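Working notes, structure below.
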Amino acid sequence: MENKTRTLYMIPYIGWIILFVVAPIALVVYYSFFDIHGNFTVGNYGKFFTPVYLKMAISSFWYAFLITIISLAAAYPTAYLLTKTKHKQLWLLLIIVPSWVNLLLKAYAFIGIFGAHGAANQFLDIIGIGTKQLLFTDFSFVFVSVYIFIPFMILPIFNALDNLNPSLLDATKDLGASKWTTFRRVILPLTLNGVKSGIQVVFIPSLSLFMLTRLIAGNRVITLGTAIEQHFLVTQDWGMGSTIAVFLIIAMFLIMALTGFRRRGA
Amino acid sequence: MGKKSAANIFLIFMFFILYAPIFYLIFYSFNSGGTMSGFDGFTWEWYEEIFQDTRLFIIVLNTVVIALLSALISTIIGVFGAIALRSLKQRQQQTLLALNNVLIVSPDVIIGASFLILFTFIGFQLGFYSVLLSHIAFSIPIVVLMVLPKLMEMSPSLVDAAKDLGANSWEVLTKVVLPYITPGIFAGFFMALTYSMDDFAVTFFVTGNGFTTLSVEIYSMARQGISLTINALSTILFLVTIVLVLIYYYLSQRSGVKGVNFRK
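Line by line, the protein sequences are chains A and B. Using UniProt numbering, read the first sequence as starting at 1 and increasing by one per residue. Using UniProt numbering, read the second sequence as starting at 1 and increasing by one per residue.
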């Protein structure tokens, strides 16, 4: 391609990268050095390492970890069984359709289901356990998050399993490996990349789900995302909000480095 | 046999878990009782309420306009960006792609908060245009990622041949390159459309007062508790989603873009 045309094509794209990728991150870092009155300070970083914020960060990571592990435990067997079905692409599509429904509507459905007289409590009543407070607990937060993320975990694992060469499995059988050995030594290592992508698309967003903590957990769970939203839109302390955002960005890069970048579902 | 049925029960259970909440919403949208527990009787009341609500109608219109405009503009910028990216050297390409992917992996809260800082910093008024610009911004990378593989698989000799036969660069673009990557462009446009329609967190940060999209409206309605208008709304949105899925499935089957994809 001639250089002139290339430059012409490049201008809007590079402009976008500078204005909406580089500048926002730079500004977040810049703002993290100002206190609520607009004075230059490194105090926000000091504040982040006080017990209040550290506890919040650790619990946010703990919840993200729980959500990721539970999603993985539910998604792996599902993906595996899906690859064994006839018309597997159709079934996969049906698993994915719920992920296209607006996240807030799904969260809202659980306000009804977990409500005092909702379906979940009616069920608990019938089987004799009796009604419980479900909404506004950390259980409901983890459950709803897992519900939302499961399809995102299934897709990459399904693709990895689907790409597995079946003759490898025949070979392990011929060589006398048990089913468990086949899984542990052949299937799992070869689908590890799918698992990693799944972890990536679940773990990072789990750290930042502020709408779920507001709607479902009734502020009993504070994630890093909730704290950022709180500082930016409620208390207007942008400096502290930016500081938390800086740590979230660092966490994001660490996770990316650990799992490697892959496109969603690739 | 026992193993097989256990597998089937597990899959049925997963499908039940995934779909039950959605059908729960839809079921109660016909409840005259006004709550999501105890079905009192059948009614169309909540649907009538939606269709009489002009404010909601304007919000839906806003959402659609933002989605179409942002998808269109981000597709244009993304396609040209991808074409330029392809002609770069490996190293530069990798660097730019890494920057490209930042917004894809960033949590929505970070994107929202940092865009809010950006708009405030340059003194840009929050409202329709800030939301539109934000949606364009987070849709561009996904368009690039959908288009780039198609460009990569296009043989360079195709362009060389066109040039040898006397095509100028405009003709090469419109007669050779763009037709070849059309499936990728459609997939990118479609993904941008759905990203925009589904986005809540970014819009929530940059919307300011006075301008609202459907997701933000649903959030503020849901924070006030249960209102069966939301249920009726979700039924309608679910039907629209199904139609979109079918269109997307049809397009991807026909164009050979592999696999299905997600909303964010």
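Glycine included, each C-beta is placed from N, C-alpha and C at the ideal position. This structure is a prediction, so every number in the text was calculated from the model and none was measured.
Measuring alpha carbon to alpha carbon, tell me which of the options ends up nearest residue i.
i	options	result
Thr63(B)	Ile226(B), Ser227(B), Phe204(B)	Phe204(B)
Glu45(B)	Leu145(B), Phe115(B), Gly127(B), Ser32(B)	Ser32(B)
Thr191(A)	Trp180(A), Gly38(A), Asn159(A)	Asn159(A)
Leu151(B)	Ala167(B), Leu178(B), Tyr129(B)	Leu178(B)
Arg6(A)	Val143(B), Leu173(B), Tyr28(B)	Leu173(B)
Leu8(A)	Ala222(B), Met197(B), Leu85(B), Ala161(B)	Leu85(B)
Leu183(B)	Val206(B), Leu158(B), Thr213(B), Val147(B)	First, the residue type needs correcting, since residue 183(B) is Pro and not Leu in the sequence shown. The residue with the shortest Cα to Cα distance from Pro183(B) is Val147(B).
Pro107(B)	Arg214(A), Phe203(A), Ala217(A)	Phe203(A)
Ser74(B)	Val131(B), Asp199(B), Tyr129(B), Ala137(B)	Ala137(B)
Leu132(B)	Leu56(B), Phe23(B), Leu193(B)	Leu193(B)
Val79(B)	Ile185(B), Ile242(B), Phe190(B)	Ile185(B)
Gly194(A)	Phe152(A), Ile111(A), Leu168(A), Ser59(A)	Phe152(A)
Met10(A)	Ile218(B), Val216(B), Ser87(B)	Ser87(B)
Ser114(B)	Trp238(A), Pro98(A), Ile250(A)	Trp238(A)
Ser71(A)	Lys179(A), Leu124(A), Lys196(A)	Lys196(A)
Ser60(A)	Asp162(A), Val186(A), Leu168(A), Val142(A)	Val142(A)
Leu244(B)	Gly128(A), Pro189(A), Ile96(A)	Ile96(A)
So for residue i, helix, strand or coil by DSSP?
i	result
Phe211(B)	coil
Asn261(B)	Its pLDDT being 47, under 50, Asn261(B) is placed unreliably by the model, and nothing is read from it.
Asn62(B)	helix
Gly265(A)	Because the pLDDT of Gly265(A) is 41, which lies under 50, any placement of that residue in the model is unreliable, and the question is left without a value.
residue 269(A)	In the structure as shown, chain A starts at 1 and stops at 266, and residue 269(A) therefore has no counterpart that could be examined.
Asn31(B)	strand
Phe205(B)	helix
Asn124(B)	This sequence places Phe at residue 124(B); Asn is not what is there. In the structure shown, Phe124(B) sits in coil (DSSP, three-state: anything other than H, G, I, E or B).
Phe42(B)	strand
Phe138(B)	helix
Ala20(B)	helix
Phe34(A)	strand
Phe49(A)	coil
Phe40(A)	strand
Ala217(A)	coil
Leu155(A)	helix
Ser74(B)	helix
What's the call for residue i, buried or exposed, on a 16-neighbour Cβ count within 10 Å?
i	result
His231(A)	buried
Thr235(A)	exposed
Gln200(A)	buried
Trp100(A)	buried
Phe65(A)	exposed
Leu254(A)	exposed
Leu155(A)	buried
Leu61(B)	exposed
His135(B)	buried
Ser140(A)	buried
Trp62(A)	exposed
Ala227(A)	buried
residue 271(A)	Given a span of 1 to 266 for chain A in the structure shown, any question on residue 271(A) remains unanswerable.
residue 294(A)	The question about residue 294(A) has no answer here: the residues shown for chain A are numbered 1 through 266.
Tyr31(A)	buried
Look at the Cβ atom of residue i, then the Cβ atom of residue j, and state whether they are nearer than 8 Å.
i	j	result
Ser139(B)	Tyr180(B)	no
Gly225(A)	Val109(B)	yes
Leu103(B)	Ile111(B)	yes
Ser227(B)	Leu25(B)	no
Ser145(A)	Ile67(A)	yes
Phe30(B)	Phe42(B)	yes
Tyr76(A)	Ile77(B)	no
Gly198(A)	Ile157(A)	yes
Ile244(A)	Phe48(A)	yes
Leu135(A)	Ile216(A)	yes
For residue i, decide whether its Cβ has a neighbour in chain E, counting only Cβ atoms nearer than 8 Å.
i	result
Val105(B)	In the structure shown, chain E does not exist; the protein chains are A and B.
CB of residue i to nearest heavy atom of the ligand NAD: below 7 Å?
i	result
Phe119(B)	With respect to the ligand NAD, the structure shown offers nothing to examine, as it has no ligands at all.
Any residues in the region 44-69 of chain B with a beta carbon nearer than 7 Å to a beta carbon of chain A? Which ones, in chain order? none
Under 9 Å (Cβ pairs) to chain A, residues found in the region 190-208 of chain B: Thr194, Met197, Asp198, Phe200, Ala201, Phe204, Phe205
Near-chain A residues of the region 218-240 of chain B (beta-carbon distance less than 9 Å), N- to C-terminal order: Ile218, Tyr219, Met221, Ala222, Arg223, Gly225, Ile226, Ile230, Asn231, Leu233, Ser234, Leu237, Phe238
Listed in chain order, which residues of the region 28-57 of chain A have Cβ atoms closer than 9 Å to some Cβ of chain B? Val28, Tyr30, Tyr31
Contact set between the region 236-256 of chain A and chain B, restricted to residues whose Cβ is under 8 Å from the partner: Trp238, Gly241, Ser242, Ala245, Leu248, Ile249, Met252, Met256
Check each residue of the region 115-139 of chain B: if its Cβ is closer than 7 Å to any Cβ of chain A, include it; give the result in chain order. Phe115, Leu116, Ile117, Leu118, Phe121, Ala137
Output, in sequence order along the chain, the residues in the region 202-219 of chain A whose CB is closer than 8 Å to any CB in chain B. Ile204, Pro205, Leu207, Ser208, Phe210, Met211, Arg214, Leu215
So if I threshold CB-CB distances at 9 Å, which residues from the region 100-112 of chain A count as touching chain B? Trp100, Val101, Asn102, Leu103, Leu104, Leu105, Lys106, Ala107, Tyr108, Ala109, Phe110, Ile111, Gly112
Chain B contacts made by the region 1-18 of chain A, where a contact means CB separation under 7 Å: Met1, Glu2, Thr5, Arg6, Tyr9, Met10, Pro12, Tyr13, Trp16, Ile17
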